[in-house]
Every structure is written in structure tokens, then in C-alpha cells.
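Chains as they are written, first to last, in the numbering used here: chain A, 1 to 500; chain B, 1 to 331. The C-beta atom is built at its ideal place from N, Cα and C for all residues, glycine as well. Computed from a predicted structure; not experimentally measured. In what follows, a single structure is set out as C-alpha cells and then discussed.
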């Protein structure tokens with residue numbers, strides 16, 4: 001346990017101060033739609049320029065963990081996810097808020113996220129090298145089938161209206177083809193508009209489909225009413241043992257999904273949350289109320305998106321392959337401080353890397369404390385009148401989207417998807433299905449095209465010759481089987497009447 | 001009488017205020033830049049260009065005497081930002097803005113499918129900032145490829161699977177050149193997003209070779225994970241002196257690189273250009289900054305005036321000759 005020797009390094013005043021700063025910045029920036037963890041981490045680079053490397057990197061990893069978690073606050077309380085990794089939490093989380101259970105949702109989210117982050121941190125500490133090798137096994141074929149697995153979640157998030165959900169998913173897939181084609185450099189569906197050349201970004205789409213659409217929905221009700229329907233908030237900010245026991249398997253499945261998806265480069269929390277959520281819906285029991293504020297669904301999505309955080313750093317630290325944009329920015333910070341990822345990092349600078357990993361684990365603990373202290377204050381927004389909330393959300397959507405890219409086109413894309421999301425929600429066309437299509441479309445398309453090239457247009461023999469691909473295909477078959485099978489928990493029939 | 005006195009007092013006050021304002025304005029004119037300067041990066045936060053110029057900003061700030069911040073205007077493969085710089089930036093209103101223009105990304109205006117009206121002359125280039133030559137790499141333990149000739153012979157017998165990033169990138173241009181230079185050279189292109197993805201594809205044995213740039217891959221070479229097989233530069237490259245150039249081995253020219261330049265608003269006065277240029281030059285000579293960039297694996301290369309334009313025009317010529325957009329789909 002050589003790594004244990006470095007635990008004591010973390011508890012210096014400078015490192016704890018950096019951790020605290022990172023958590024506060026991460027929570028705030030993560031909660032604002034558009035300003036996700038990559039931007040928060042990038043902003044930290046010049047601040048920590050002259051700091052010792054381990055302190056600077058603790059700042060970065062604390063910002064990252066808190067940024068992912070912070071996104072859930074607004075997802076749960078307002079159905080306005082701060083990051084794409086917390087979009088799934090807005091489904092059950094916001095339904096709980098609407099039923100006056102905001103504090104219950106926040107405390108489960110905090111427990112799931114903090115424990116997910118800590119478990120992920122320990123996996124990073126003890127299993128980094130072997131898991132990094134596993135991440136190398138993911139090639140074009142695996143990306144294609146992972147994307148297909150993610151797309152099976154559309155059936156789950158359609159809540160009975162499967163055909164409409166599939167239409168939404170196909171629309172999302174179509175949207176994902178807009179922009180310059182990476183394989184031919186040919187512009188598709190751009191109609192000469194510069195702003196569409198880079199396609200529809202996930203961020204403007206997720207903000208539009210969920211946050212801006214939510215603001216439009218809020219405009220429908222009485223401007224003086226609030227969204228939670230209650231006038232007082234609970235003081236129980238710590239989860240009860242009974243709640244944890246009730247959700248134990250959902251939490252476990254969420255964490256495992258997050259840990260696995262973290263090591264798959266380019267997948268991350270945005271994909272993990274949907275796989276975890278659909279898994280929960282498929283395994284639901286009689287009495288579960290998915291789509292109506294089921295805490296098990298929230299436990300799974302929140303566990304998965306923070307379960308990703310530690311393991312997504314594994315390919316970056318061990319191989320120099322960042323699994324996502326946040327990890328890429330942390331890699332940049334690592335190099336700026338004169339450190340290079342790889343075996344040498346663990347061999348030549350163990351005092352830095354192990355201190356940073358311990359810092360990441362402790363940052364999750366500290367984040368839990370800070371979040372619990374902030375939970376009730378944050379939940380006060382659910383008592384605000386709709387007439388005040390709707391314009392505030394709209395302002396944050398516009399400012400957040402513009403700040404993220406500086407591209408005014410993205411603001412228009414966000415507003416367009418806001419209207420689409422509003423109509424989709426109203427007519428039961430699953431905004432989550434549209435988002436899944438947008439997120440997974442490029443992964444599926446890129447994977448399939450590369451498979452066709454590698455296999456000389458014989459994709460099936462190529463895919464079935466790879467054991468990871470076969471394992472994922474079996475998971476797809478199971479997911480399809482469960483999605484066709486009547487759900488044990490579905491006692492109501494009204495959603496089925498919406499089916500064509 | 002009283003009224004006249006008031007009028008005189010008011011008139012004197014107004015004249016004094018106007019005078020002070022004029023002095024202030026004159027002072028402000030003498031001091032340039034008068035306020036914060038921004039460096040507009042055409043990609044989202046977190047990318048290579050963003051990282052480099054966030055690192056550069058404090059050193060440029062020190063030289064200019066005003067804060068320097070990095071802003072990101074992403075989208076359109078860089079063109080959302082570049083079309084602003086080329087067509088909308090005003091030399092008076094936008095004189096406190098610098099823009100990053102990436103080479104060869106900007107040469108995408110040559111691709112007819114892009115339907116762009118801009119050319120190199122549409123930009124007011126200030127200075128060349130960094131330069132990173134093309135590099136071909138294989139796995140360290142890949143016994144099939146001891147040297148470049150092994151790669152070329154293999155590619156003549158059967159298609160070699162290459163990850164050159166995206167279509168039209170400098171890395172893709174290098175492979176497109178090889179197809180022109182070596183008769184029978186066949187390649188299958190596996191598109192990938194970024195250099196990190198290339199490392200994964202190569203180490204995971206999903207491709208035979210990656211086409212990339214030196215900077216990002218030095219570490220993988222030192223880690224003995226990837227082996228450089230050829231550098232696409234006119235002469236051996238400083239950090240990798242023992243790696244042969246494509247030209248040395250084949251006798252055919254194959255030069256490609258990634259470069260970053262700084263530009264400003266069209267029509268900016270020579271005086272203001274001079275202020276920026278001198279500050280950029282001094283900042284790029286700051287030993288502390290150089291050390292940081294060495295750690296960042298970014299090769300600094302300052303060029304201005306004719307030297308810079310020679311590089312720019314040379315780059316365009318390379319892109320024109322490669323004419324990747326004329327090639328049909330998969331090779």
C-alpha cells in the first residue's frame with residue numbers, strides 16, 4: 001500500500017484550500033446550464049499557474065467532481081440540467097420536486113454522487129493500470145455496439161409511448177448528422193450556414209430540450225404558484241438508512257455502470273446515466289413509479305454520473321488518453337506543470353499522482369458536507385413563483401449557452417431545441433429520446449463507418465469476431481427483451497392509450 | 001447680472017470638462033492598448049489551442065501592461081470565429097482583440113464544398129506562434145515495421161490502416177501526399193476525434209499506423225509505447241534527430257505541419273500592429289514561458305513579415321497539391 005503513504009500529503013492547508021475552492025467553483029459553475037466542468041477546470045488553469053503541481057491538480061479534480069454533481073442540483077430542482085451528464089436525473093428528480101420531495105431527491109442525489117465519486121476514486125487508486133489496458137480494447141466495433149446499447153434506452157425513457165419515443169430518437173439521430181462530415185469533409189444539411197458547420201452541439205441541445213423547454217412549460221401555469229406545491233421544506237438533509245437500503249441495488253447498478261463507462265473513452269457520464277436509468281426501468285418492481293418521481297431511478301442516474309468521474313481519469317493518467325473533455329483539460333494542466341501521463345508519472349512522481357488521487361477521494365467527502373449544508377438553501381428555488389423562475393431560467397440558458405462557446409448560433413440552436421423540447425414533452429415524444437439520438441448518433445455513425453472500412457463491407461463477421469462486441473450485443477438483446485416484456489411496475493394503463 | 005455670472009461659471013466648467021476629457025482622450029490615444037486585450041480562440045475551452053494561449057496570456061499581459069484574457073468562439077471547424085475576424089472586425093472597435101488562426105485548418109477554404117469566399121489575404125496576420133511537424137508512428141513492439149520502407153512496402157502490397165484524424169487535417173494531407181508520391185500506396189482511413197483517440201486506436205491494435213504531429217506524441221515515444229517511423233519535415237526535427245524524414249527515405253517531398261498564428265482586425269494601424277508584434281515577440285522570448293511550453297510539448301516558432309508569409313503561402317501550396325477533397329471516399 002505505497003499509495004497510503006501519500007494520504008497525509010493531502011491534508012495540508014494549501015491542498016485543503018484548493019479542494020474547497022474547486023468544490024465551490026464546481027458546484028456553482030456546474031449548476032448553471034451551459035457552464036459545465038470543462039469550462040470551470042479551464043478557468044482554474046491560470047489561477048493555479050504558480051502553485052505546486054499536486055495542489056493545482058487537486059483543484060482541478062475537485063472542480064471536476066463538484067461540477068458533475070452541481071449539474072444535478074438544477075436538474076432535480078428545476079428540470080434544468082447544468083451539464084449533459086445530469087440530464088437523466090431531471091426526469092425522476094424533478095418529478096420528486098413537483099411532488100414536494102425536493103429535499104429527499106437532493107439527499108439521495110448527494111449520497112449517490114458522493115459514494116459514486118469515492119468508489120470511483122478508490123478504483124482509480126488501486127486498479128488504474130489493468131483497467132487502462134481494458135480501455136484499449138474499445139475500437140470502432142465496440143463504439144458502434146455501445147452506441148446501440150445506449151439507443152435501447154429510448155424504449156425505457158418513452159414510458160409506454162414506444163413508437164413516439166422511436167420517432168424522437170430518429171429525429172435526434174437525424175440532427176446528429178448535421179455539420180461537416182468527419183470522413184469526407186463534406187457539409188451535410190448546413191445550407192451554407194457557418195453556424196451549422198460544426199453541427200448541433202450536445203450542450204445547446206440539452207439546455208434547450210430540458211432547461212429552456214422547462215421555462216416555457218412554467219409559463220403555462222399560474223405565475224404566482226410554485227413548482228413544488230409546498231410552502232415549507234424538510235430539514236432532513238441526510239439520507240436515512242431505510243432510504244439507502246430501499247435503493248441499495250439501484251445505487252449499486254448505477255455505480256457499476258458509471259465505473260465501467262468511465263473507462264470507455266468518449267462515453268462518460270452522458271451515456272452512463274441513460275444506460276443506468278434504462279436498466280432500472282427494465283428491472284422495476286411492482287409499486288415502483290418510474291416517470292412519476294421514483295427515487296430508485298434517481299439513485300441510479302446520480303450514482304452512475306459520479307461513478308464515471310474517477311475511472312474516466314484512468315486512461316488519461318496511465319496512457320495519456322483522456323476519456324472526455326474534462327479529462328482532456330486536466331491532462332493539459334498536468335503537462336503545464338511539467339508532468340507527463342503514463343507509467344513514468346506513477347514511477348517518477350508518485351508523490352504527486354497519489355496525492356492528487358487521494359485529494360480526489362477526499363474532495364468527494366468534502367463535497368458531500370458542503371452539498372448537505374447547501375441543499376436546503378438551494379431547494380428554496382422550488383418555492384419561488386413560476387412567474388419569477390421562468391425568466392430566470394431563460395436568462396441562464398441564454399447566458400450559459402453563449403458563454404460556453406461564444407457562438408451566437410448556439411443560442412439560436414438552444415432556443416430552437418427549447419421549443420422542440422416543449423412540444424415533444426407536451427405531445428409525449430420523449431425529449432430524452434431526442435437527446436439520446438444526438439449524443440449517440442455520431443458515436444454510432446463513426447463506429448459503423450470505421451467498421452465498414454476495416455471489414456471491407458462485411459461488418460457482421462468483423463463485429464462477431466470480437467468478444468467485447470459480442471458481450472455488448474448480448475446486453476442489447478437483453479435490453480430489447482426487457483423493453484418488449486410488460487413491466488412489473490406498470491400498473492397504470494393511461495400511458496399505453498397514447499400509443500398509436 | 002446674477003444670470004450672466006451663472007452662465008460664465010457654467011461655460012467655464014463645461015470648457016474645463018471638455019479640456020480634461022480631451023487631455024484624457026489624448027493620453028488614452030498615446031497609451032495603447034488602453035484596456036484588456038482578448039485572444040479569441042476558434043475552438044472550445046480545453047483543446048490544444050485553448051491551452052496554449054491560456055498559458056501565453058499572462059506573459060503577453062506582462063509585456064502589454066494590460067490584462068489579457070482568452071475568449072472562445074467555437075464552431076464551424078473554426079470558421080465561426082474566422083469569419084468574424086476576416087469580415088466583421090473593425091480596426092477601431094476591435095483593436096483590443098487578437099485572433100488565433102490555425103494552419104492548415106484555415107486552408108479548408110480551398111475545399112469547394114465549403115463554399116467560402118475567404119483567402120489568406122482576408123486575414124491581417126500578425127505573427128506565427130508555434131509549429132509542429134507531421135509524424136508517422138507505429139506501435140513500439142510492432143515487428144512488421146522496422147523503418148519507413150517497411151511501411152511503404154506493406155502499403156503497396158495491402159492497404160495500411162491509418163488513423164489520420166479527420167479529413168483535411170494536416171495529418172491526412174501527409175498520407176494523401178504519400179499516395180501521390182509512392183506508386184501503389186494504399187491506405188484505409190479510420191477517422192478519429194483528436195490525438196488521444198489515435199493513441200488508443202494504435203495501442204489497441206485497431207490501426208497499423210497513426211499520422212499525427214510530434215508534440216503530442218513525444219511522451220508516448222519516451223514511454224516506449226509508440227515508435228516514430230518518419231517525420232514529415234524538410235530536415236530532421238530537433239527533438240527527434242534520429243528519425244528520418246519522408247524525403248530522406250523516398251526522395252519525394254512530403255511536408256506537413258500544424259501551426260498556430262495570431263491575427264488582428266483588418267485595417268489596424270501599423271502603430272498598433274507594432275505594439276502587439278513587439279509584445280508577442282518579447283513574451284515568446286521569456287525563458288519562463290519557453291520552459292512552460294517545453295513542458296507542454298508545444299514547439300514555439302516566432303515568425304513575422306516575409307518569413308511568416310512564406311510559411312503561410314508554403315502551407316497553402318501543400319494543401320493545394322494534396323487536394324484531399326478530390327479523393328473519393330475511402331482509399
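Item, Value
"Indicate whether at least one CB of chain B lies closer than 8 Å to the CB of residue 414 of chain A.", "no"
"Give the secondary structure of residue 22 of chain B by DSSP, where H, G and I count as helix, E and B as strand, and everything else as coil.", "Caution is warranted here: a pLDDT of 44 is assigned to residue 22 of chain B, below 50, making its placement in the model unreliable, and no coordinate value can be reported."
"Give me the DSSP bridge partner(s) of residue 127 of chain B.", "B/262"
"Kindly list the residues whose CB is nearer than 8 Å to the CB of residue 209 of chain B, restricted to its own chain and excluding five residues on each side of it in sequence; keep chain order.", "136, 137, 138, 145, 151, 160, 161, 162, 163, 202 and 229"
"Just to confirm before moving on: does the CB-CB distance between residue 205 of chain A and residue 393 of chain A stay below 8 Å?", "no"
"Could you check what DSSP says for residue 226 of chain A in three-state terms: helix, strand or coil?", "strand"
"Would you call the stretch 132–142 of chain A in contact with the stretch 460–477 of chain A, where contact means no fewer than 3 C-beta pairs closer than 8 Å?", "yes"
"Just to make sure I have the definition right: I need the residues of chain A whose C-beta is within less than 7 Å of the C-beta of residue 115 of chain B. Which are they?", "192"
"With distances taken from CA atoms, which of B/289, B/72, B/76 and B/252 is nearest residue 179 of chain B?", "B/252"
"Name the chain B residues that come within less than 7 Å of residue 88 of chain A, Cβ to Cβ?", "Here the premise fails: no neighbours, minimum Cβ distance about 23 Å."
"Does the beta carbon of residue 322 of chain B come closer than 8 Å to any beta carbon on chain A?", "no"
"Could you give the C-beta distance for residue 103 of chain A and residue 375 of chain A, rounded to a whole number, given that I count them as a contact under 8 Å?", "7 Å"
"8 Å is my cut-off, CB to CB: does residue 410 of chain A come that close to chain C?", "The displayed structure is made up of protein chains A and B, and chain C is not among them."
"Run through the stretch 7–48 of chain A for me and flag every whole alpha helix (DSSP H) of 4 or more residues, listed as ranges in chain order.", "7–10, 13–31 and 37–47"
"Indicate whether residue 476 of chain A and residue 170 of chain A have their beta-carbon atoms separated by less than 8 Å.", "no"
"Give the list of continuous alpha helix (DSSP H) stretches no shorter than 4 residues that lie fully inside the stretch 292–363 of chain A.", "295–311, 314–319, 325–336 and 343–348"
"Distance cutoff 8 Å, beta carbons only. Does residue 158 of chain B sit that close to anything in chain A?", "no"
"Leaving aside the five residues before and after residue 24 of chain B along the sequence, list all residues of the same chain whose C-beta is less than 7 Å from its C-beta, in chain order.", "In this prediction, residue 24 of chain B has a pLDDT of 46, which is less than 50 and means its spatial position is unreliable; what the coordinates show is noted afterwards. For residue 24 of chain B, where only same-chain residues beyond five positions count, there are no Cβ hits under 7 Å."
"Check the C-beta distance from residue 318 of chain A over to residue 132 of chain A and give it rounded, since I have them as a contact under 8 Å.", "4 Å"
"Within 10 angstroms of its Cβ, does residue 507 of chain A collect 16 or more other Cβ (buried), or is it exposed?", "Shown here, chain A extends from 1 to 500; a query on residue 507 of chain A therefore has no answer."
"Determine the extent of the alpha helix (DSSP H) in which residue 449 of chain A is found, giving its start and end residues.", "431–454"
"Put residue 48 of chain B into one of helix, strand or coil per three-state DSSP.", "helix"
"Taking a cut of 9 Å between CB atoms, which residues from the stretch 336–363 of chain A lie near chain B?", "336, 337, 338, 339, 340, 341, 342, 343 and 344"
"Count the other CB atoms, across all protein chains shown, that sit within 10 Å of the CB of residue 369 of chain A; report buried if there are 16 or more and exposed otherwise.", "exposed"
"Less than 8 Å between the CB atoms is what I'm expecting for residue 236 of chain B and residue 245 of chain B, so what's the real figure, rounded?", "6 Å"
"For a contact meaning CB atoms closer than 7 Å, what does residue 536 of chain A contact in chain B?", "Since the first and last residues shown for chain A are 1 and 500, residue 536 of chain A lies out of range."
"Closer than 9 Å, Cβ to Cβ, to anything on chain B: give me those residues from the stretch 151–162 of chain A, in chain order.", "none"
"Counting only runs that start and end within the stretch 377–414 of chain A, where is the alpha helix (DSSP H) found for 4 or more residues in a row?", "386–405"
"Three-state secondary structure (DSSP) at residue 208 of chain B?", "coil"
"Could you tell me which of A/430, A/404 and A/78 sits nearest to residue 226 of chain A, measuring between CA atoms?", "A/78"
"On the three-pair Cβ rule with 8 Å, is the stretch 114–133 of chain A touching the stretch 437–450 of chain A?", "no"
"Give me the Cα-Cα distance between residue 433 of chain A and residue 84 of chain A, rounded to the nearest whole angstrom.", "14 Å"
"Please list, in chain order, all residues of the same chain as residue 311 of chain A whose beta carbon is under 6 Å from its beta carbon, the five residues on each side excluded.", "120, 123, 259, 262 and 263"
"Are the CB atoms of residue 202 of chain A and residue 438 of chain A within a distance shorter than 8 Å?", "yes"
"Using DSSP with H/G/I as helix, E/B as strand and the rest coil, what is residue 72 of chain B?", "strand"
"Check for me: the beta strand (DSSP E) holding residue 300 of chain B runs from which residue to which?", "300–303"
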